[in-house]
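*Asks:* Have a look at this one before I ask anything.
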Amino acid sequence: SQKIEQNSEALNIQEGKTATLTCNYTNYSPAYLQWYRQDPGRGPVFLLLIRENEKEKRKERLKVTFDTTLKQSLFHITASQPADSATYLCALDSVGGYNKLIFGAGTRLAVHP
Amino acid sequence: KAGVTQTPRYLIKTRGQQVTLSCSPISGHRSVSWYQQTPGQGLQFLFEYFSETQRNKGNFPGRFSGRQFSNSRSEMNVSTLELGDSALYLCASCPGGPATSTDTQYFGPGTRLTVL
């Protein structure tokens, strides 16, 4: 069955450094992959979408890469700030589409001053 | 534009009862999806509605059902509640379309359901 793995351990980094989060998937070839941010007690907020034919996408301090050979996406936050502390979720479209996203468990990021 | 709204925000029920949750999508959005989020299982897809039709369904028992009205507002219902149904129920909307596709989802704040 389709499986998505994200770093289950929390990621602690110092302010100003680059945070790199990993999303690996198996038994699937998604057409695209999305990254969301979720703060405690709130719904996820969309950050970036990358398609299977795109290698990299950027938005301000965020960068996403998508390697369909390795079946992996990397999510980078450069010049990280304490306000970036949150849980980051990757999501893949499933077979059949119709807005059915398969989410990873998420990685909790803590940026320390 | 107002975001996705969900009511109620918090709900406490006892085992065996049933519950109805409501979701109002962003104006103009025709697709509404529902997800269940628990610490153990994470975010799991329940079902998706577009133009009052359920187009896709996740692996949940028949106790979980939903519907969509002509104004795109949606409700989900859980009957015969079990302790394991305690979760954050999230609704998401997107413009939607007739073809098989996945759009960026705009999530609401969720309804926190506690089953005692």
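Each protein sequence line maps, in turn, to chains A and B.
Sequential numbering from 238 applies to the first sequence in my numbering.
Sequential numbering from 58 applies to the second sequence in my numbering.
Ideal Cβ placement from N, Cα and C applies to all residues, glycine included.
(1) At a Cβ cut of 7 Å, what residues of the segment 100-112 of chain B count as close to chain A, listed as they run along the chain?
(2) Could you check how far apart the C-beta atoms of G115 (chain B) and L103 (chain B) are, in whole angstroms? I think they sit under 8 Å.
(3) Should L78 (chain B) be labelled buried (16 or more other beta-carbon atoms within 10 Å of its own) or exposed?
(4) What residues in the segment 268-287 of chain A have a beta carbon less than 9 Å from any beta carbon of chain B?
(5) Check the Cβ-Cβ distances between K337 (chain A) and every residue of chain B, and say whether any is below 7 Å.
(6) Can you tell which of B:D160, B:G167, B:V172, B:S150 has the C-alpha that lies nearest to the C-alpha of G277 (chain A)?
(7) For a cutoff of 7 Å on Cβ pairs, would you count A342 (chain A) as touching chain B?
(8) Are there 16 or more other CB atoms within 10 angstroms of the CB of D304 (chain A), so buried, or fewer, so exposed?
(9) Mind checking whether L307 (chain A) and L285 (chain A) have CB atoms under 7 Å apart?
(10) Check whether the Cβ of P96 (chain B) lies closer than 7 Å to any Cβ atom in chain A.
(11) For A59 (chain B), count neighbouring C-beta atoms within 10 Å of its own C-beta (all shown protein chains included) and say buried if the count is 16 or more, exposed if not.
(12) Spell out whether any CB of chain A is found under 7 Å from the CB atom of G60 (chain B).
(13) Let's see if you can read the secondary structure: which residues bound the beta strand (DSSP E) around K70 (chain B)?
(14) Which whole-angstrom value describes the C-beta separation of Q75 (chain B) and T171 (chain B), a residue pair presumed to lie in contact below a C-beta threshold of 8 Å?
(15) Residues in the same chain with beta-carbon distance under 7 Å from P65 (chain B), minus the five sequence neighbours each way, listed in chain order, please.
(16) Can you tell me whether P267 (chain A) is buried or exposed? The criterion is at least 16 other CB atoms within 10 Å of its CB, across all chains shown.
(17) Against L78 (chain B), what residues of chain A qualify as contacts under a CB-to-CB distance less than 7 Å, listed in chain order?
(18) With H, G and I counted as helix, E and B as strand and the rest as coil, what does DSSP make of A347 (chain A)?
*Replies:* Based on what the coordinates show:
(1) The residues in question are L100, F102, E105, R112.
(2) By 1-based counting over the second sequence, the position of residue 115 (chain B) is 58. By 1-based counting over the second sequence, the position of residue 103 (chain B) is 46. With 8 Å as the limit, G115 (chain B) and L103 (chain B) qualify as a contact, their Cβ atoms being about 5 Å apart.
(3) Against the second sequence, residue 78 (chain B) aligns to sequence position 21. With 16 or more other Cβ atoms within 10 Å, it is buried.
(4) A268, Y269, Q271, Y273, Q275, G278, R279, G280, P281, V282, F283, L286
(5) Walking along the first sequence from the start, residue 337 (chain A) turns up at place 100. Judged by the 7 Å Cβ criterion, K337 (chain A) is in contact with chain B.
(6) In the first sequence, counting from the first residue as 1, residue 277 (chain A) sits at position 40. Reading the sequence as shown, one finds Pro at residue 277 (chain A) and not Gly. Answer by Cα proximity: B:G167.
(7) Taking the first residue of the first sequence as position 1, residue 342 (chain A) is located at position 105. Taking Cβ atoms only, chain B reaches closer than 7 Å to A342 (chain A), which makes this a yes.
(8) Counting from 1 along the first sequence, the entry for residue 304 (chain A) is found at position 67. Answer is exposed; the Cβ neighbour count stays below 16.
(9) As a working mapping, residue 307 (chain A) is identified with position 70 in the first sequence. As a working mapping, residue 285 (chain A) is identified with position 48 in the first sequence. Cβ distance not < 7 Å, so L307 (chain A) and L285 (chain A) don't count as in contact.
(10) Here residue 96 (chain B) refers to the residue found at position 39 when the second sequence is read from its first residue. By this cut-off, P96 (chain B) is not an interface position.
(11) In the second sequence, residue 59 (chain B) corresponds to position 2, counting from 1. Classification for A59 (chain B): exposed.
(12) Reading the second sequence from its first residue, position 3 is the one you call residue 60 (chain B). So no, G60 (chain B) is outside the interface.
(13) Stepping through the second sequence from its first residue, residue 70 (chain B) is reached at position 13. Here the beta strand (DSSP E) through K70 (chain B) covers 67-70.
(14) Taking the second sequence and counting its residues from 1, one reaches residue 75 (chain B) at position 18. Taking the second sequence and counting its residues from 1, one reaches residue 171 (chain B) at position 114. The pair is not a contact, with the Cβ atoms about 15 Å apart (cut-off 8 Å).
(15) Along the second sequence, read from residue 1 onward, the residue named residue 65 (chain B) stands at position 8. Once the five neighbours on either side are set aside, the close Cβ partners of P65 (chain B) are T168.
(16) Along the first sequence, one-based indexing puts residue 267 (chain A) at 30. P267 (chain A) is buried by the Cβ-count criterion.
(17) For the purposes of this step, residue 78 (chain B) is identified with residue 21 of the second sequence, where counting begins at 1. Neighbours of L78 (chain B) on chain A: none; closest Cβ ~13 Å, over 7 Å.
(18) Against the first sequence, residue 347 (chain A) aligns to sequence position 110. Correct three-state label for A347 (chain A): strand.
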